[in-house]
Amino acid sequence: MNTETSCLFCKIAAREIPADVVRASDRLLAFRDTNPQAPTHILIIPKEHIGSIAEIEERHGGLLADVAQAATQLARAEGIDQSGWRLVTNVGPDAGQSVFHLHFHLLGGRGMGWPPG
Ligand code: 5GP
Ligand code: ZN
164 MNTETSCLFC KIAAREIPAD VVRASDRLLA FRDTNPQAPT HILIIPKEHI
214 GSIAEIEERH GGLLADVAQA ATQLARAEGI DQSGWRLVTN VGPDAGQSVF
264 HLHFHLLGGR GMGWPPG
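As structure tokens, then:
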């Protein structure tokens with residue numbers, strides 16, 4: 164699998180750095196954000212190193228379907244499937260991307276504004 168030795172989320176995926184893991188599969192890991200922005204704030208990452216969603220290729224179609232299903236199932240498990248939730252991925256400086264390993268923020272448990280800040 165494509166991994167980068169200096170990448171924080173590759174290390175979390177390899178279980179070299181601890182995280183509050185809520186779900187794991189062959190291709191994905193989901194764990195709680197250490198600086199939560201909502202009552203539910205879970206990060207869903209591919210185990211494979213992909214820098215951002217801008218690096219997605221045709222072969223990653225199944226992986227993205229897994230992300231959608233994992234987010235939906237986690238939202239149900241968190242009890243926010245009826246109240247609503249948001250799935251966000253940041254790319255680049257204006258969006259505030261700070262970790263350069265693809266991750267989706269699953270947010271919910273409070274009302275959220277639109278447009279995002
Ligand atoms: P970004 O700003 O790149 O979209 O999101 C990165 C997220 O990773 C932030 O919400 C930040 O709180 C979270 N984060 C950074 N370092 C760690 C860590 O070591 N463990 C966990 N669980 N989350 C982290
Ligand atoms: Zn990585």
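Going letter by letter, the sequence shown gives residues 164 to 280 in the numbering used here.
Virtual Cβ for every residue (Gly too), placed ideally from N, Cα, C.
Inset, instruction - Note down the Cα distance separating residue 250 from residue 242, rounded to an integer number of angstroms. - result: 15 Å
Inset, instruction - Report the residue ranges of all beta strand (DSSP E) runs contained in full by the stretch 207-254; include only those spanning at least 3 residues, in chain order. - result: 248-251
Legend entry - Own chain, CB closer than 6 Å to residue 263, minus 5 neighbours either side, in chain order: 214
Legend entry - Spatially closest choice to residue 176 from 196, 212, 256 and 221, by CA coordinates: 212
Legend entry - Run of the alpha helix (DSSP H) containing residue 171, from where it starts to where it stops: 171-176
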